[in-house]
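Right, one structure below, let's go through it.
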Amino acid sequence: MKKVIKRLPDSELEIMKIIWDANQPVTSAYISEKLKGKRDWKITSILTFLARLTNKGFIECRREGKINIYTPAITEQEYLERESKSILEKLYNNSLTSFVTALYESNSVSEEELIALKEYIEELTKGE
């Protein structure tokens, strides 16, 4: 049975990115340190986000002495794949062409990126 992955609010996604980037189990103190200069969140707010992420099944928490250790329960790739599919379905009626057109017309993608995308598609479809 496939896991149901829900979209995360920006604050929780920011915490998840720190956990994914660490590539090892982390503590709330580690997360707090990584947020210094970016966010002015108190440790209680971070602990609330971590509890929500645990309840939603995005992370697992284990206790070592007096410290909670957090590890991702899903990979960043799994989340990105689900989010990409959801955005494409909801906003662009499953049309990749409409999505790329919107990015291009809003100057969010450069000519160079379009060329790289074209080359990638050509490589994927070689031999078909």
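Sequential numbering from 132 applies to the sequence shown in this note's numbering.
Every residue, glycine too, gets a C-beta built ideally from N, C-alpha and C.
Query raised in the report: Given a threshold of 16 other Cβ atoms within 10 Å of its Cβ, counted over all protein chains shown, does Ile-177 qualify as buried or as exposed?
Result: Under this definition Ile-177 is a buried residue.
Query raised in the report: What's the call for Ser-239, buried or exposed, on a 16-neighbour Cβ count within 10 Å?
Result: Of the other Cβ atoms in all chains shown, fewer than 16 fall within 10 Å of the Cβ of Ser-239; this residue is therefore exposed.
Report task. Give me the Cβ distance between Pro-156 and Tyr-201, rounded to the nearest whole Å; I'm assuming they're in contact under 8 Å. Result -> 6 Å
Query raised in the report: Would Lys-165 pass as a contact of Ile-190 if the rule is Cβ separation under 8 Å?
Result: Taking 8 Å as the Cβ cut-off, Lys-165 and Ile-190 do not qualify as a contacting pair.
Report task. Assuming Ile-198 and Thr-158 form a contact by the criterion Cβ under 8 Å, report the distance between their Cβ atoms to the nearest whole angstrom. Result -> Cβ-Cβ separation between Ile-198 and Thr-158: approximately 6 Å, consistent with a contact (criterion under 8 Å).
Query raised in the report: Among the residues of its own chain, which have a CB less than 7 Å from the CB of Trp-151, if the five just before and after it don't count?
Result: Pro-203 and Glu-207
**Report entry** Exposed unless 16 or more other CB atoms sit within 10 angstroms - verdict on Leu-248
**Finding:** exposed
Report task. For Tyr-201, write down the residues that DSSP places opposite it in a beta bridge. Result -> Val-157 and Cys-192.
Query raised in the report: Cβ atoms of Ser-215 and Phe-180: under 8 Å apart, would you say?
Result: Ser-215 sits away from Phe-180, with the two beta carbons spaced by 8 Å or more.
Query raised in the report: Ordered along the chain, which non-local residues of its own chain (more than five positions away) have a Cβ less than 8 Å from that of Arg-183?
Result: Glu-143
Requested in this report: Check whether the Cβ atoms of Lys-187 and Lys-137 lie closer than 8 Å to each other.
Outcome: yes
Query raised in the report: Looking at the unbroken alpha helix (DSSP H) that takes in Asn-225, where does it start and where does it end?
Result: Note, Asn-225: premise wrong, no alpha helix (DSSP H); not H, not E.
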